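Student: Sharing a structure here in structure tokens format.
Chains as they are written, first to last, in this note's numbering: chain A, 2 to 116; chain H, 82 to 192.
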């Protein structure tokens, strides 16, 4: 099976712009989670989608949003970019849909740099 | 919030030496995962432990889950330069799709 794929791998934007990141989970996986990773904060949970519904959300401002399509592919959007949004954005998929997070499989990430 | 504390934060050793990384919490986790991450890449799953007291071996890596399911350790025997990376432990919380991650242990193995 192909692994989790994320596009693009690298992105450079300027403050105030918006950005959309894409994630394709492992075939058959219906739950997709997003994380932000920075040197100072480590991996921080953004949100989780299952069957096109957001079931959980981390402590991030409303500028961060996401969605999931019927084929389980997911996108996340960040509007009005700030310098502090520079980070590695990771997508993870999991085969089960249970409340307790199951083992997650990560994509390579999208490195976002905000200038 | 269930917090996971990893120690040490940084470990630098010579090839052939052994090392142990610890992951501790005051909370009980239903399962715990260990990942290794290389610069600019996503974390790669090494193992999932579920049962208290469980020991799993993956070649030169040995993983242990504490009896009370609050802590875990990763032991590498005869480390090699290819073992270099950021080792992350993550616990399964009672929260849809969310893993609680430790801050990570950066391991550097020099030839």
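Beta carbons: idealized from backbone N, C-alpha and C, even for Gly. None of these values were measured; they are calculated from a predicted model.
Determine the contact status of residue 162 of chain H and residue 96 of chain H, defining contact as a CB-CB distance below 8 Å.
Tutor: In contact: residue 162 of chain H and residue 96 of chain H (Cβ atoms closer than 8 Å).
Student: Hey, residue 128 of chain H and residue 139 of chain H are a contact pair by Cβ (cut 8 Å); roughly how many whole angstroms apart?
Tutor: About 6 Å; that satisfies the 8 Å criterion.
Student: Are the C-beta of residue 126 of chain H and some C-beta of chain A separated by less than 8 Å?
Tutor: Judged by the 8 Å Cβ criterion, residue 126 of chain H is in contact with chain A.
Student: Which residue marks the beginning of the beta strand (DSSP E) containing residue 86 of chain H, and which one marks its end?
Tutor: It spans 86 to 88 - the beta strand (DSSP E) in which residue 86 of chain H sits, taken as one unbroken run.
Student: Residue 113 of chain H: buried (16+ other C-beta within 10 angstroms of its C-beta) or exposed?
Tutor: Residue 113 of chain H comes out buried.
Student: Just how far apart, CA to CA, sit residue 169 of chain H and residue 103 of chain H?
Tutor: About 10 Å.
Student: Starting from the Cα of residue 75 of chain A, find the closest Cα among A/13, A/28 and A/15 and give me that residue.
Tutor: Among A/13, A/28 and A/15, the Cα nearest to that of residue 75 of chain A belongs to A/28.
Student: Out of A/85, A/4 and A/41, point me to the one whose CA is closest to residue 64 of chain A's CA.
Tutor: Selected option, being the one with the closest Cα: A/85.
Student: Are the CB atoms of residue 82 of chain A and residue 110 of chain A nearer to each other than 8 Å?
Tutor: No, the pair does not count as a contact, with Cβ atoms beyond the cut-off.
Student: Keeping to the same chain, check which residues put their C-beta closer than 8 Å to that of residue 19 of chain A; ignore five residues upstream and five downstream.
Tutor: Cβ neighbours of residue 19 of chain A beyond the five flanking positions: 78, 79, 80, 81 and 82.
Student: Going by DSSP, what residues sit across from residue 177 of chain H in a beta bridge?
Tutor: According to DSSP, which records beta bridges pairwise, residue 177 of chain H is partnered with nothing at all.
Student: Does chain H have any CB closer than 8 Å to the CB of residue 70 of chain A?
Tutor: False, the Cβ-Cβ gap to chain H never drops below 8 Å.
Student: So residue 6 of chain A packs on residue 25 of chain A, CB below 8 Å; how close in whole Å?
Tutor: Right, their Cβ atoms sit about 5 Å apart.
Student: Let me make sure I understand the geometry here. Which of A/114, A/96, A/70 and A/116 has the alpha-carbon closest to that of residue 2 of chain A?
Tutor: For residue 2 of chain A, the nearest C-alpha among the options comes from A/96.
Student: Any Cβ of chain A within less than 8 Å of the Cβ of residue 180 of chain H?
Tutor: With 8 Å as the cut-off, residue 180 of chain H counts as an interface residue toward chain A.
Student: Taking CB distances under 8 Å as the criterion, tell me whether residue 114 of chain A reaches chain H.
Tutor: Taking Cβ atoms only, chain H never reaches closer than 8 Å to residue 114 of chain A, which makes this a no.
Student: To the nearest angstrom, how far is it from the Cα of residue 158 of chain H to the Cα of residue 143 of chain H?
Tutor: Cα-Cα distance, rounded: 8 Å.
Student: Under 8 Å between C-beta atoms, does residue 97 of chain A make it to chain H?
Tutor: It does not; no Cβ of chain H falls within 8 Å.
Student: I need the boundaries of the beta strand (DSSP E) containing residue 67 of chain A, first residue and last residue.
Tutor: Counting along the chain, the beta strand (DSSP E) containing residue 67 of chain A begins and ends at 65 to 69.
Student: Suppose you measure from the CA of residue 88 of chain H to the CA of residue 149 of chain H; what does that come to, to the nearest Å?
Tutor: In a straight line, the C-alpha of residue 88 of chain H is about 19 Å away from that of residue 149 of chain H.
Student: Output yes if chain H places a C-beta closer than 8 Å to the C-beta of residue 34 of chain A; else output no.
Tutor: Yes, because at least one Cβ of chain H sits closer than 8 Å to the Cβ of residue 34 of chain A.
Student: Put residue 183 of chain H into one of helix, strand or coil per three-state DSSP.
Tutor: Coil, per DSSP.
Student: Below 7 Å on C-beta distance, what does residue 105 of chain A contact in chain H?
Tutor: Here the neighbours are 180.
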